[in-house]
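Asks:
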Amino acid sequence: MSGFFEEWGPILWQGFLETLTMTGITLVIALAIGLPLGVFLILTRKGGQSENLVVYSVLNWVINILRSLPFIILLFLMIPVTRAVVGTTIGIQGVILPLVVFTAPYIARLMESALLEVDKGVIEAYQAMGISTPKIIWSVVIREARSGIVLGLTIATIGLIGATAMAGLVGAGGLGTIAYQYGFQRFEPTVMYTTIIILIIMVQALQSFGNFLSRRLKKD
Numbered sequence: 088m089s090g091f092f093e094e095w096g097p098i099l100w101q102g103f104l105e106t107l108t109m110t111g112i113t114l115v116i117a118l119a120i121g122l123p124l125g126v127f128l129i130l131t132r133k134g135g136q137s138e139n140l141v142v143y144s145v146l147n148w149v150i151n152i153l154r155s156l157p158f159i160i161l162l163f164l165m166i167p168v169t170r171a172v173v174g175t176t177i178g179i180q181g182v183i184l185p186l187v188v189f190t191a192p193y194i195a196r197l198m199e200s201a202l203l204e205v206d207k208g209v210i211e212a213y214q215a216m217g218i219s220t221p222k223i224i225w226s227v228v229i230r231e232a233r234s235g236i237v238l239g240l241t242i243a244t245i246g247l248i249g250a251t252a253m254a255g256l257v258g259a260g261g262l263g264t265i266a267y268q269y270g271f272q273r274f275e276p277t278v279m280y281t282t283i284i285i286l287i288i289m290v291q292a293l294q295s296f297g298n299f300l301s302r303r304l305k306k307d
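Residue numbers (my numbering): 88 to 307.
1. Does the beta-carbon distance from L197 to V257 come in below 9 Å?
2. Starting from F189, trace the alpha helix (DSSP H) in both directions and tell me its first and last residue.
3. With DSSP run on the structure shown, which of helix, strand or coil describes M165?
4. Quick check: what's the CA-CA separation for G255 versus Q101?
5. Can you tell me where the alpha helix (DSSP H) holding E138 begins and where it ends?
6. Buried or exposed for I287, please, with buried defined as at least 16 other CB atoms from any protein chain shown within 10 angstroms of its CB.
7. Which same chain residues end up closer than 7 Å to T175 when comparing Cβ atoms and leaving out the 5 residues on each side of it in sequence?
8. Between which residues of its own chain and T190 is the CB-CB distance below 8 Å, once the five residues before and five after are set aside?
9. With P221 as the anchor, note down where its alpha helix (DSSP H) starts and where it stops.
Next up, the structure:
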């Protein structure tokens, strides 16, 4: 066993760091897109503060289409776009754009669900005091929904980790590439099982932390 970790330890560590890098960069960009989209869905839906059913329907339709595509299909569909925008379709740089397109609509829908849980009476009370809609959204609604937002982001991040593993099929790096190139193509089952164990630990740790943080925010 010690020989295995001497040989594969550095490779697995590098794959772990690459997976964290892909996940972190994608999550930051997708959150910057998905959270405003979720707010926009809330504002433009029927009964929203800026009701616009045409805009809501179009945005809702686009999000549903993107969410209906499995990541591996979206990844291959976006190859021409990724090559044109980024200049490459391999490595971490070549997979960030498809990961963002895959994750941002998912985050938007999760944010919408979390924000809808906020008591409308709270919103109406602040409206009656003459507080502007943007301030109500960012200072009241998001604060009230932060526990649900954390849980939603936890779910989205776990799904994103799974997507980064699938990105290994196109040489994106990370644990997915190690599992595919070494574990599958080179018939190293121990490497395959080790990457699976690492991914399971990552997901379990993330879910536990998300649950803990959500409970703490709900109590505050």
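Beta carbons: idealized from backbone N, C-alpha and C, even for Gly.
Replies: In brief:
1. no
2. G178 to L203
3. coil
4. If you take the alpha carbons of G255 and Q101, they lie about 14 Å apart.
5. Where E138 is concerned, there is no enclosing alpha helix (DSSP H), given that its DSSP letter is neither H nor E.
6. exposed
7. G181
8. T113, L114, A117, G121, A243, G246, L247 and A250
9. T220 to I223
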